[in-house]
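Take a look at the structure set out below.
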Amino acid sequence: QRHNSTEPWFLDCLSCFPMQHLKEWVAVESDSVQPDLRREVIRMVTLAADRLRALGATVHSVNLGSHQLPDGQSVLLPPVILAELGQDPQKPTVCFYGHVDVQPAKKEDGWKTDPYTLTEINGNLYGRGATDNKGPVLAWINAVETFRALPVNLRFVIEGMEEAGSPGLQRLLEGERRRFLAAADCFVLSDNVWLSRRKPALTYGTRGSACFLVESGDKDLHSGTFGGIIHEPMTDLVALLDSLVDPTGHIRIPGIYDSVAALTEEERKLYESIEFDMEEHKSNSGVKRFLYDTKEEILLHLWRYPSLSIHGIEGAFHEPGIKTVIPAKVTGKFSIRQVPHMELSVIKQQVVEYLEDVFSKRKSPNKLSVSMPLGAKPWLADINDPVYTAARRAVRTVFREDPDFIRDGSTIPIARMFQTITQKSVIMLPIGAADDGEHSQNEKISRHNYIEGTKVFAAFFLEIAKLHEQLQQTSKTKTDN
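Everything in the sequence shown is counted per our numbering, starting at 4 for the first residue and increasing by one.
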């Protein structure tokens with residue numbers, strides 16, 4: 004049923020959405036990480052475009068050409084959807100971003116159901132993409148569908164390569180800054196989850212990510228012939244990696260914390276009020292204990308301070324059994340999650356200088372190479388922005404409680420991208436719960452969150468329209484005076 008009310012009375016009417024569209028979307032194996040599934044990704048983008056056209060939107064599928072894989076193979080990129088619905092100059096314009104590609108998933112990986120068959124168990128809807136990000140994209144579309152006359156104009160940016168790094172997207176958006184993006188008053192993402200299983204949240208910040216490669220060595224040697232008389236590349240590399248972080252998780256690289264902003268009293272109080280179950284988080288992670296003992300310290304180090312993680316060593320023997328070879332050339336891989344005010348160029352310089360200093364003290368004749376092939380900047384918004392006020396009111400209308408204001412320890416480049424390119428407000432409005440298992444086995448979204456999330460989006464449209472009307476009235480009053 005469609006409505007044109009300016010009040011949220013009709014939100015309780017939105018509880019009977021059929022799950023057919025979500026079932027159809029989950030069934031598409033739109034894994035953007037696997038090049039041989041690129042046709043499925045393109046098919047999924049086409050389904051999304053068709054769904055938007057059914058709403059009456061004007062849809063443009065923008066071709067991004069091809070991109071080159073690490074093995075040199077060139078593969079076609081799926082198009083990016085730029086869609087418009089409404090061009091009323093008296094209404095505000097909201098731009099929604101979502102993606103319809105997914106992480107790899109196979110039943111044998113530990114799924115209790117077929118990952119590409121939407122399956123409801125005890126009120127949870129299981130399937131790859133249910134919460135990341137097909138479910139939230141469809142919930143937004145469902146919200147649009149409830150209105151006979153939308154209180155806002157809408158723009159959509161829907162892509163199919165988010166899980167593979169969104170190649171070509173930034174270039175496209177930069178080119179649309181004065182065209183498609185110019186009309187938007189704010190940008191909304193729903194590509195993360197709450198901190199809690201129960202309490203809704205609004206996200207106002209993410210960490211960035213700087214990925215490093217440390218390479219050492221030259222050619223393979225026999226450990227019986229050369230072991231004990233040479234500087235082994237693997238030994239050099241392990242020593243370098245071991246020097247990066249101390250047992251408490253503190254990064255040893257000099258100057259790495261210098262740009263981290265001091266914690267204000269207002270922000271500390273914000274952390275104290277956040278609902279966070281440490282035991283639940285511990286259970287979800289499978290670890291026996293954390294590095295920190297209090298909720299506040301855990302959240303601060305998860306969101307607000309940089310962290311360094313070691314991911315692997317390329318070139319090392321890793322098959323079953325024993326191979327007594329001294330690896331020729333080994334490459335260590337690690338990343339630093341950086342926070343606002345930390346600059347990628349400065350981080351790179353600090354890392355290179357530190358590793359070169361540690362390496363020089365080993366007096367090894369091996370070659371050392373340090374590179375930073377990938378880097379994404381952190382994002383931070385202002386929770387006092389009127390758009391956050393509108394979102395808070397929308398959440399309160401539906402869930403009957405205020406949301407937590409949280410950050411996300413991961414990296415979501417598109418938020419910073421919109422903020423930098425447009426200088427407009429960006430908000431992350433998640434509808435998934437902390438235990439949804441995005442990127443993991445048995446990914447799900449609860450039926451409750453899917454439906455209530457749809458209501459939140461509908462309420463958000465109404466609140467943004469009210470906000471726009473208030474701002475216009477204030478402006479008119481000032482002009483009259």
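Glycine included, C-beta positions come from ideal geometry on N, C-alpha and C.
In the DSSP assignment, find the unbroken alpha helix (DSSP H) run with glutamine 422 in it and report its ends. Unbroken alpha helix (DSSP H) run through glutamine 422: 416 to 425.
Considering only the beta carbon of each residue, do glycine 435 and tryptophan 197 sit closer than 8 Å? Contact flag set, yes.
Own chain, CB closer than 6 Å to aspartate 223, minus 5 neighbours either side, in chain order: Low confidence applies here, because aspartate 223 scores a pLDDT of 45, under 50, leaving its location unreliable and the question unanswered by this model.
Could you check if leucine 78 is buried or exposed, using at least 16 other CB atoms within 10 Å of its CB as the buried criterion? Contrary to the premise, residue 78 reads as valine rather than leucine in this sequence. By the 10 Å Cβ count, valine 78 comes out exposed.
What separation, rounded to the nearest whole angstrom, lies between the Cα atoms of isoleucine 417 and phenylalanine 464? 22 Å
Bridge partners - aspartate 34, DSSP secondary structure assignment: Val105
Quick one: Cα of leucine 474 to Cα of glutamine 93, how far? Leucine 474 and glutamine 93: Cα-Cα distance of roughly 12 Å.
Inter-residue spacing [alpha-carbon to alpha-carbon] between glutamine 426 and arginine 395: Straight-line Cα distance between these residues: approximately 22 Å.
Can you tell me whether leucine 320 is helix, strand or coil according to DSSP? It is phenylalanine, not leucine, that sits at residue 320 in the sequence shown. In the structure shown, phenylalanine 320 sits in coil (DSSP, three-state: anything other than H, G, I, E or B).
Taking the alpha helix (DSSP H) that threonine 327 belongs to, which residues open and close that run? No alpha helix (DSSP H) contains threonine 327, which DSSP labels as neither H nor E.
Starting from the Cα of leucine 347, find the closest Cα among Ala379, Gly335 and Gly318 and give me that residue. Ala379
Taking its Cβ as the centre, do 16 or more other Cβ atoms sit within 10 Å of glutamine 352, making it buried, or is it exposed? Glutamine 352 comes out exposed.
Tell me the DSSP secondary structure of proline 309 in three-state form. coil
Residue span of the beta strand (DSSP E) that contains glutamate 87, given as start and end: 83 to 88
When you compare only the Cα positions, how much space is there between alanine 265 and tryptophan 306? 14 Å
Straight-line Cα distance separating histidine 304 from arginine 419: 21 Å
Burial state of lysine 110, where buried means 16 or more other Cβ atoms lie within 10 Å: exposed
Exposure label - glutamate 166; buried when at least 16 CB within 10 Å: buried
Between which residues of its own chain and glutamine 106 is the CB-CB distance below 6 Å, once the five residues before and five after are set aside? Glu166 and His442
With DSSP collapsed to three states, give me the class of tryptophan 12. Summary for tryptophan 12: the model assigns pLDDT 47, below 50, so the residue's position carries little reliability; its value from the coordinates is reported in the next sentence. Note: tryptophan 12 maps to helix in three-state DSSP.
Three-way DSSP call (helix, strand, coil) for histidine 225 in this model: For histidine 225, the pLDDT reaches just 43, beneath the cut-off of 50, and the residue's location in the model is therefore unreliable, although a value from the coordinates is still provided. Three-state result, histidine 225: strand.
Return helix, strand or coil for tryptophan 382, following the three-state DSSP convention. strand
How should glutamate 32 be labelled, buried or exposed, when 16 other C-beta atoms within 10 angstroms of its C-beta is the threshold for buried? Counting the other CB atoms within 10 Å of its CB gives glutamate 32 a total of 16 or more, which places it among the buried residues.
Of the residues Asp112, Ser35 and Phe408, the one placed nearest glutamate 446, counting alpha carbons only: Nearest Cα to glutamate 446 within the set Asp112, Ser35 and Phe408: Asp112.
Which partner residues of glycine 208 appear in the DSSP bridge assignment? Leu383 and Arg410
Applying the 10 Å Cβ sphere with the 16-neighbour rule, what's the burial state of threonine 414? buried
Would you grab the beta carbon distance between alanine 384 and isoleucine 430 for me? Rounded to a whole angstrom, and I think it's under 8 Å. 7 Å
How would you write the range of the beta strand (DSSP E) that valine 62 sits in, first residue to last? 61 to 65
Could you check if aspartate 438 is buried or exposed, using at least 16 other CB atoms within 10 Å of its CB as the buried criterion? buried
DSSP three-state call for asparagine 495: helix, strand or coil? Only positions 4 to 484 of the chain appear in this structure, which leaves residue 495 out of reach.
Quick test of the definition: if touching needs 3 or more C-beta pairs under 8 Å, does the region 74 to 89 touch the region 46 to 56? yes
With a 10 Å radius around its C-beta and 16 neighbouring C-beta atoms as the bar for buried, classify arginine 340 as buried or exposed. buried
What's the call for asparagine 7, buried or exposed, on a 16-neighbour Cβ count within 10 Å? At asparagine 7 the pLDDT is 48, less than 50, meaning the model places this residue with poor confidence; the figure from the coordinates comes in the next sentence. Exposed.
Where do the N-terminal and C-terminal ends of the alpha helix (DSSP H) with phenylalanine 362 fall, by residue? 347 to 365
C-alpha gap between threonine 251 and leucine 294, whole angstroms: 6 Å
Determine the contact status of serine 169 and glutamate 162, defining contact as a CB-CB distance below 8 Å. In contact: serine 169 and glutamate 162 (Cβ atoms closer than 8 Å).
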